[in-house]
Amino acid sequence: MIIAVDGPAASGKGTIAKALARHYNLPHLDTGLLYRAVAATVRRLELDPSKEADAVAACGFDELTLADPVLRSDEIGQLASVVSAHPLVRAALLQRQKRFAHQEGGAILDGRDIGTVIAPDADAKLFVKATPQVRARRRHNELQARGSSLSFDRVLADIRARDQRDSARSTAPLIQAADAATLDTSFLSIDASVNKAIEIVEARVALKRRG
Ligand code: CDP
Ligand code: CDP
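In terms of this note's numbering, the sequence shown has 186 at position 167, counting the first letter as 1, and numbering is strictly consecutive.
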């Protein structure tokens, strides 16, 4: 079983994907981390994120980078959405994600283009969303817990800028796959979001079985 979970920043897709992975005992890949690792490498090597060749050079990042807590910063998130707009960066990371999705026994991936590009053949697709205010509140809380002093307004502005960049790019933009179920978490607790996600997956799988 392949499960695709897509959505904008702080919509809850990572939390939902991890919970689904536990529920179905499937391996999980947070694909945003790959783009964040490219961004962190661009910064470490003092490359220019707006230059495609520079960003491509950072795609051979050290695997240890994936565990670096700095990847979770707001700054790296912004930089990730700059480097991820380059078609050659997406191409460099494509096979790794496709292989993960199509491994024996199935997988669950979360990101922006899982249902549209990485696994258009997924058995269940979720598009997780929430209002920009709710998402900014969640991200602001997370960043504060990690010691960041960024204001709520700044986090909201950054989320809006990232939504805009991710949706406007020509290669693999953030769009809902035609066959993805919408899950709006704006007014749902984490538990309620996860339960709803499981319900959606069960319904999709039952529908598939019936052919
Ligand atoms: O967790 P959050 O939604 O804030 O960010 P993320 O999923 O870690 O993604 C960081 C950035 O990587 C996004 O803003 C996108 O620009 C990019 N990304 C992408 O282009 N495609 C994906 N499948 C995943 C992330
Ligand atoms: O992966 P993505 O950036 O879409 O979001 P996330 O990391 O799963 O969730 C962002 C934050 O919102 C986390 O701190 C979650 O615990 C929280 N969250 C929430 O408060 N209510 C939900 N229904 C879902 C997530």
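We put the beta carbon where it would ideally sit given N, CA and C, even for glycine.
Model, not experiment: these values are computed from the prediction.
- Query: Quick one: Cα of S30 to Cα of E65, how far?
  - Reply: 31 Å
- Could you tell me how far apart the beta carbons of V57 and V108 are, in whole angstroms, since I believe they sit closer than 8 Å? 6 Å
- Task: Put G130 into one of helix, strand or coil per three-state DSSP.
- Result: strand
- First through last residue of the alpha helix (DSSP H) which encompasses A38: K32 to Y43
- Message: I need the straight-line Cα distance from V75 to A111, nearest angstrom please.
- Response: 7 Å
- Is I217 helix, strand or coil when you go by DSSP? helix
- Query: Any heavy atom of ligand 2 within a distance shorter than 7 Å of the CB on I219?
  - Reply: no
- Query: Using the rule of at least 16 other Cβ atoms within 10 Å of the residue's Cβ for burial, across every protein chain shown, is P46 buried or exposed?
  - Reply: exposed
- Item | I219 beta carbon less than 8 Å from that of A141 | no
- Look at the Cβ atom of T14, then the Cβ atom of S212, and state whether they are nearer than 8 Å. Only positions 20 to 230 of the chain appear in the structure, and residue 14 is not among them; the question remains open.
- Message: D93 and S167 - do their beta-carbons sit closer together than 8 Å?
- Response: yes
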